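K.L.:
Below is one structure. I have some questions about it.
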Amino acid sequence: MSLERAKAYLKRFGLDNEVMEFDASSATVREAAEAIDCKEEEIAKSLSFLVDGGPVLIVAAGDRKIDNKKFKAEFSAKAKMIPFDMVEELTGHAVGGVCPFGVNEDVAVYLDISLKGIETVYPACGSSNSAIRLTVDKLEKITNSKKWVDVCRIIK
0 MSLERAKAYL KRFGLDNEVM EFDASSATVR EAAEAIDCKE EEIAKSLSFL VDGGPVLIVA
60 AGDRKIDNKK FKAEFSAKAK MIPFDMVEEL TGHAVGGVCP FGVNEDVAVY LDISLKGIET
120 VYPACGSSNS AIRLTVDKLE KITNSKKWVD VCRIIK
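End of the sequence shown sits at 155 in numbering that gives the first Met the number 0; the numbers just go up one at a time, nothing left out.
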């Protein structure tokens, strides 16, 4: 299962026991914010895309969405989300629990600058009812992210 995969990855950093599991769903930003009792912007959502045929994760603040123009400028490709039925196969995690922990080896992870300036964030941990509390610095250190990107805008 994805939750165990994420926990195994987090164990390398001594964080596996920090994973929170909820009785209610935390699959959407709103549900996660309610389950954790935090602001939606503090949810670090992982958005999955195909770029040049390969999987890419963009980890962004929960109150943001992809800006197609910025995405194309960064990746020289149109923002094309991974089809729902292929997300788990390509990333290693099912929709609702996609996270940057324990992803398949060929997944490129990028952190969006929307996370900068937020002290604490809550990314999912491989299931639709889990999360972990991390500083943005810690998230950057443990995700093996390629780099910071600017590909999002505020949801209106």
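Glycine included, every Cβ here is placed at the ideal spot set by N, Cα and C. Only a predicted model underlies this, so the values are computations on that prediction, with no experimental measurement involved.
I need the straight-line Cα distance from D149 to A59, nearest angstrom please.
P.N.:
Taking the straight line from one Cα to the other gives about 10 Å.
K.L.:
Between I154 and D62, which are expected to be in contact by the criterion C-beta below 8 Å, what is the C-beta distance as a whole number of angstroms?
P.N.:
Contact holds; Cβ gap of about 6 Å.
K.L.:
Compare the Cα-Cα distances from V108 to each of N67, T142, A32 and report the closest residue.
P.N.:
Measuring from the Cα of V108, the nearest candidate turns out to be T142.
K.L.:
Based on the DSSP secondary-structure assignment, which residues constitute the bridge partners of T27?
P.N.:
Answer is none; T27 lacks a bridge partner.
K.L.:
Quick one: does L138 have its CB under 8 Å from some CB of chain D?
P.N.:
Among the chains of the structure shown, chain D does not appear; only one protein chain is present.
K.L.:
In terms of alpha-carbon separation, which member of R29, E40, A31 lies closest to I117?
P.N.:
When each option's Cα is compared against that of I117, the closest is E40.
K.L.:
Name the residue from R11, L138, A123 whose alpha carbon lies nearest to the alpha carbon of L46.
P.N.:
Checked all of R11, L138, A123; the closest Cα to L46 is A123.
K.L.:
For S129, name the three-state secondary structure that DSSP assigns.
P.N.:
Strand at S129.
K.L.:
Going by DSSP in three states, E139 sits in which element: helix, strand or coil?
P.N.:
It is helical.
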